[in-house]
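Residue numbers (full-length UniProt numbering): 1 to 459.
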Amino acid sequence: MPPPQRTASDHYHFYEYDYLASAPWTLSPAVVTRNNMRFYSMQQDLQGLAAYGATRGVPGIHTYRAGATVPDDVGVNRDMTVLAFGGGLGMPAAIITGGIHAREWVAPAIAYLIAEYLVVNYTAAPVGRYQTAIRDLVDNRRLYFVPMLNPNGNSYTVNDGAANSRYWRKNRDTLPTTQAGWLAALQNGVPPTPNPPFANVAPNGTNVRYETPLYKRPLPPNAGNSSFTIEPAAVFGVDLNRNATTRYSGYNIFIRKRPADNTDPTSESYFGPSRASALETRNIQGTIDHIRNIVNVNVDTIIDYHSYAQQILYPTEAYDRDFVNASYKSLGRILQALIATSLSWSWSYQYGLGTPVSQIGYDAVGTLADRCATQANARAFVIELDPSGDLGLAGFALPENKIMGVFEKNIRAALALIAAAGQTSQATARRVRYHSINSAAEQEFMDWNVFGRGNQLPL
């Protein structure tokens, strides 16, 4: 596969590839600069990409708004925008998402660039193996991209002048400040089942009391008539990647140890007052359910991009409940083998593969990936992008000129995941060793006859 590098700039919004004739189109101007990085409207760029794709004959390309309602005012361009294209109804589907955590700036860029890569390189009249491969991939799969799952949180990290805003993780929900407000929040979930420590709040709220002026951390109840002492004024945000509707969300204490900070509304990983209490969560869950049940497309493979750690993660609950079968694990090993295998830095860039607890030391439940794996029976992965190691908050501050390098390292794995949608064959049973490339495993996948006429993947 030719290296997907820009010809004249490190800036990831320069839209001309070095192996493609000039293909410019109108994109949004930069709207703000922070930390010496330029930022653009994801919504407008996705719409521009869709308009350009239509001129190239990309089948069914269009954008639409995720869910029934937007997370914020339409006028500020914070819709959760979906870009869809590819084969018609009945084709297996792949979904690529990013940006569920506000501070992880590189994740939305990578999700967007994968969509751009496919659109820019698509032609209805291919010449040669490479163009035929891209055409076959797009024509035989239904593709959905949602690069910005947390638009309000992301906007806060970019536009707010507060010193600590850059590293904000959650959405920007204002948590209730009254007893009635909490009771309403508890009923907004899907289903309306409160998470602990509010699981035994009385219907009339009589066992919830407020104290001022300090916020008191709500502790799990010891008895059915426990009082909950809370003062959540000026407390913001729900971790959208702990808020999905899954069996483990809310942390069934008999199944999995409940991390204490996730019950604390002041924690950056607070899972919310109830399952799917956040509008953003309901929007993306509703979008995926609509794709499955109304559009009637089988959602088979999913990547949710995050940063940072250089890891490929199976969802915790899916792994525990044996959804991660041999085909699922095989695809994980293929993704690991294909990341950066042909690039000069491959020996120092090998993603770890496993569950969150085995790779990063803690469980993550109530995640979007778990929702997709356990509810849609999809092979869903979380990919933690650059950099590696434990760099603290500094690890989220990936320079703008590194974005294309991260994309180059990950594009092959993304293409493989898209191609694998609808395929249950086990590409390899070999385990890829850390800091090494299993060439046999890679070759076996490259020879995988996905489209019926030999190796068509541009890997």
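Here a beta-carbon is modelled for each residue, glycine too, at the ideal position from N, C-alpha and C. Keep in mind the model is a prediction, meaning the values are calculated, not measured.
Val82 by DSSP, collapsed to three states: which one? strand
Mark Val238 as exposed unless 16 or more other C-beta atoms lie within 10 angstroms of its C-beta, in which case mark it buried. buried
Look up Leu143 in the DSSP assignment and say whether it is helix, strand or coil. strand
Taking all protein chains shown into account, do 16 or more other C-beta atoms lie within 10 angstroms of the C-beta of Ile294, making it buried, or fewer, making it exposed? With a 10 Å radius around the Cβ and a threshold of 16 neighbouring Cβ atoms, Ile294 comes out exposed.
Please report how far the alpha carbon of Leu393 lies from the alpha carbon of Met42, in whole angstroms. 24 Å
Through-space distance from Ile334 to Val127, alpha-carbon basis: 28 Å
So, with DSSP's three-state summary, where would you put Ile312? strand
Would you kindly work out how many angstroms separate the C-alpha atoms of Asp370 and Asn241, rounded to a whole number? C-alpha of Asp370 to C-alpha of Asn241: approximately 10 Å in a straight line.
Going by CA-CA distance only, name the one from Ala337, Phe381 and Leu331 that's closest to Thr355. Phe381
Does DSSP classify Leu391 as helix, strand or coil? coil
Within a Cβ cutoff of 8 Å, which residues of the same chain sit near Asn243, ignoring the five residues on either side of it in sequence? Ser249, Phe271, Gly272, Arg275, Ala276, Ser277, Ala278, Thr281 and Gly366
From what residue to what residue does the alpha helix (DSSP H) around Phe39 run? Note, Phe39: premise wrong, no alpha helix (DSSP H); beta strand (DSSP E) at Met37 to Phe39.
Sheet register partners of Ile302 (DSSP bridge): Residue pairing of Ile302 in beta bridges, as defined by DSSP: Ile95 and Ala380.
CB-CB under 6 Å to Tyr314, same chain, minus the five flanking residues each way: which ones, in chain order? Val324 and Thr355
Take every Cβ of the segment 51 to 70, pair it with every Cβ of the segment 155 to 163, and state whether three or more of those distances are shorter than 8 Å. no
If you draw a straight line from the C-alpha of Arg34 to the C-alpha of Ile95, how long is it? 30 Å
Secondary structure of His101, DSSP reduced to three states: Coil.
For Thr55, name the three-state secondary structure that DSSP assigns. DSSP, reduced to helix, strand and coil, places Thr55 within a helical segment of the structure shown.
By the 10 Å Cβ neighbour count, where 16 or more other Cβ atoms means buried, how is Pro108 classified, buried or exposed? buried
Should Ser330 be labelled buried (16 or more other beta-carbon atoms within 10 Å of its own) or exposed? Classified as buried, Ser330 has 16 or more neighbouring CB atoms from the shown chains inside 10 Å of its CB.
Pick helix, strand or coil for Phe236, following the three-state DSSP scheme. strand
For Gly153, tell me which candidate among Gly99, Leu137 and Asp136 has the shortest Cα-Cα distance. Gly99
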